[in-house]
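Numbering (the working numbering), first residue to last: 815 to 1029.
Positions of the beta carbon are idealized from the N, C-alpha and C atoms, including for glycine.
All of these numbers come straight from a predicted model, not from anything done at the bench.
Comments concern the structure below.
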């Protein structure tokens, strides 16, 4: 049976806010321990990693060099971003217009988001803790607040949800069509909880928590 796991990324923050507890060195260690055949990456298909902006430095500095060393396939599966990017950016900016007291809610939401992301590396102090179910729960609460406050009655405009659905479908299609056995999904923490929630319900694959490979 095919084995699937998810490793949460914090992009450029691996080398800034998270460096003391979840640097790219820790990412490297976890990947080596898990020994994936395929890394399903948060990259746009056709994107040249050498030209990526710094916020995806985990691919330039860690994942691609490691994949070349260990002969791991890296498959870009972020089809959702190019498909929904413009709509997501528009409604991320203008979502206050959808609800009563929207500007107040939006200002408060940004403060909550800032507090959570600045607090995570102070509270969760290892790769295992940052990839834990407890951290997943915090990410889910943050995104559930976003949906509840702004998109509860406008689900068709919740392009974050559409983005996750598109990418999840592409991920599962890639897994089912592959002859490989071990798959590691490398997406941001705000996607990780969503994918894991779905993977745990899948039949025909074995979901394995990445925390088994983390210190």
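message = Whole angstroms are fine: how far does the CA of residue 963 sit from the CA of residue 919?
response = It is roughly 7 Å from the alpha-carbon of residue 919 to the alpha-carbon of residue 963.
query = Is the region 919-930 in contact with the region 819-833, if contact means three or more CB pairs nearer than 8 Å?
reply = The answer is no - the region 819-833 does not touch the region 919-930, with fewer than three Cβ pairs under 8 Å.
query = What does DSSP give as the partner residues of residue 1000 in its beta bridges?
reply = 821 and 855.
request  = Could you tell me the boundaries of the alpha helix (DSSP H) in which residue 947 lies?
outcome  = For residue 947, the enclosing alpha helix (DSSP H) starts and ends at 947-960.
key: Of the listed residues 846, 942 and 863, nearest to residue 835 (C-alpha basis)   = When only C-alpha atoms are compared, the closest one is 942.
ask   = In whole angstroms, what is the alpha-carbon distance linking residue 982 and residue 914?
value = Straight-line Cα distance between these residues: approximately 32 Å.
inquiry  = Measuring straight from C-alpha to C-alpha, what distance separates residue 951 and residue 976?
reply    = Taking the straight line from one Cα to the other gives about 20 Å.
key: C-alpha gap between residue 899 and residue 1018, whole angstroms   = Each residue's alpha carbon lies about 32 Å from the other.
query = Does the region 829-847 come close enough to the region 887-904 that 3 or more CB-CB pairs lie under 8 Å?
reply = Touching, no, given that fewer than three Cβ pairs across the two stretches are closer than 8 Å.
query = When DSSP labels each residue in this structure, what does residue 944 get in the three-state scheme?
reply = Collapsing the DSSP output to three states places residue 944 in a helix.
task = For residue 978, collect the residues of the same chain with a Cβ closer than 8 Å to its Cβ; drop the 5 residues on either side in sequence, then sort them by chain order.
result = Around residue 978: 894, 1005, 1008 and 1009.
query = Does DSSP put residue 926 in a helix, in a strand, or in coil?
reply = DSSP places residue 926 within a helical segment (H, G or I) once states are collapsed to three.
task = Decide if the region 847-855 is in contact with the region 995-1005; the criterion is three or more beta carbon pairs, one per stretch, under 8 Å apart.
result = Inter-segment contact for the region 847-855 and the region 995-1005 is present: three or more beta-carbon pairs are separated by less than 8 Å.
ask   = For residue 934, which residues does DSSP report across the bridge?
value = Residue 934 is not bridged to any residue.
query = So what does residue 889 bridge to, in DSSP terms?
reply = Answer is 854, bridged to residue 889.
ask   = Taking contact to mean at least 3 C-beta pairs separated by less than 8 Å, is the region 900-911 in contact with the region 871-887?
value = Touching, no.
query = Does the distance from the CB of residue 1003 to the CB of residue 953 come in under 9 Å?
reply = Less than 9 Å separates the beta-carbon of residue 1003 from that of residue 953.
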